Every structure is written in C-alpha cells, then in structure tokens.
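Just below is one structure, and these are the notes that go with it.
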Amino acid sequence: MMRISQTGIDLIKQFEGFRSKAYICPAGVLTIGYGSTGKHVQPGMSINTAYGEKLLREDVSRFESAVNRLVTVPMSQGQFDALVSFAFNVGEGALAKSTLLRKLNAGDYAGAAHEFKRWNRGGGRVLAGLVRRREAEAKLFNS
Numbered sequence: 008m009m010r011i012s013q014t015g016i017d018l019i020k021q022f023e024g025f026r027s028k029a030y031i032c033p034a035g036v037l038t039i040g041y042g043s044t045g046k047h048v049q050p051g052m053s054i055n056t057a058y059g060e061k062l063l064r065e066d067v068s069r070f071e072s073a074v075n076r077l078v079t080v081p082m083s084q085g086q087f088d089a090l091v092s093f094a095f096n097v098g099e100g101a102l103a104k105s106t107l108l109r110k111l112n113a114g115d116y117a118g119a120a121h122e123f124k125r126w127n128r129g130g131g132r133v134l135a136g137l138v139r140r141r142e143a144e145a146k147l148f149n150s
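Residues are numbered in the numbering used here as their position in the sequence shown, beginning at 1, plus a constant of 7.
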C-alpha cells in the first residue's frame with residue numbers, strides 16, 4: 008500500500024492553507040484547519056496548528072486508502088501524491104467516477120494527466136486557486 012510523501016502533504020497544505028476557525032469554503036462546506044471537513048467540524052470551532060496537522064494526517068489516510076483501492080495500474084510516488092491531493096480536494100466519489108481515473112486505469116497516463124485541469128470549478132464557477140492547484144497536481148503527476 009502506497010503512502011503520501013512529504014511532497015504530497017506540502018502540496019495539500021500549500022493549497023488548503025491553515026484556518027484555525029471553522030469556516031464555509033467556496034463549495035459551501037464547513038471546514039477547518041488544512042481543509043478538514045466532516046461531522047467533527049462544528050460552527051464556531053477553533054483549533055491550533057498541531058491539531059490541524061493531526062486532522063490532516065487522519066483525512067489524508069482516508070484518501071490514501073481510496074487511491075490505493077481505486078487505481079489498478081502501477082503508479083509513481085508523484086502520481087500517487089497528486090491523486091491523493093486531488094481526492095482530498097474533490098472527494099473519493101468524484102475520483103471514483105472521474106474520466107481521470109478511467110483513463111489512468113486504462114493505462115493512458117498522459118490522458119489522465121490532461122484531465123486534472125478540467126476540475127477547476129467551485130460553486131459553479133472557475134476558481135483561480137483551483138486552476139493553480141490542478142496545474143501543480145498535474146505537474147507532480149508527470150514528475
């Protein structure tokens with residue numbers, strides 16, 4: 008079973024940023040820390056960076072498992088890290104149903120890399136931060 012590298016963690020942290028207070032993200036989801044979502048996030052909640060790191064590691068492990076389960080072809084560390092970052096951002100379900108995954112599992116690595124840039128919308132509009140994130144993920148995937 009593959010695990011995310013520090014490069015992958017750093018990529019997620021770079022694009023998620025750290026917020027100590029719970030907030031509503033552009034997609035309308037209650038979020039805290041480095042993009043942590045779920046029942047554990049409550050309105051008005053506040054955390055420190057150490058707890059944010061703990062939540063990030065817990066969240067990432069869920070997406071590592073998803074990528075390991077969903078991808079049926081060999082991957083490099085960069086490809087795995089990019090896919091975990093992608094799944095962390097869009098969700099396991101979106102990855103599972105994506106053309107990106109279908110192309111990758113068909114052995115079309117170049118086609119899969121090309122699919123990252125299509126995932127640049129939040130709240131129905133193109134978001135500059137997602138454009139940059141997808142470029143970084145595609146670059147890491149191709150490294």
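Every residue gets a Cβ at the ideal spot worked out from N, C-alpha and C, and that includes glycine.
Model, not experiment: these values are computed from the prediction.
- [ ] State yes or no: is the beta carbon of His-47 nearer than 8 Å to at least one beta carbon in chain C?
- [x] In the displayed structure, chain C is absent; only one protein chain is listed.
Open item on the list: Could you tell me which whole alpha helix (DSSP H) segments of length 4 or greater appear in the region 20-74?
Closed with: none
Task: Identity of the residues DSSP links to Val-133 by a beta bridge - done: Arg-128
Open item on the list: Quick check: the Cα distance between Leu-111 and Ala-119, rounded to an integer number of angstroms?
Closed with: 5 Å
TODO: Quick one: using the 10 Å Cβ neighbour count with 16 as the cut-off for buried, is Gln-86 buried or exposed?
DONE: buried
Open item on the list: Assess contact between the region 52-66 and the region 23-31, defined as three or more Cβ pairs (one per stretch) separated by less than 8 Å. Is contact present?
Closed with: yes
Task: CB-CB length for Leu-102 against Leu-77, believed under 8 Å - done: 6 Å
TODO: Put Val-78 into one of helix, strand or coil per three-state DSSP.
DONE: coil
Open item on the list: One question on the structure: do Ile-11 and Glu-71 come within less than 8 Å of each other, judged by their Cβ atoms?
Closed with: yes
Open item on the list: Taking 8 Å as the threshold (C-beta atoms), are Phe-22 and Val-67 in contact?
Closed with: no
Open item on the list: Between which two residues does the alpha helix (DSSP H) holding Asn-112 run?
Closed with: 106-112
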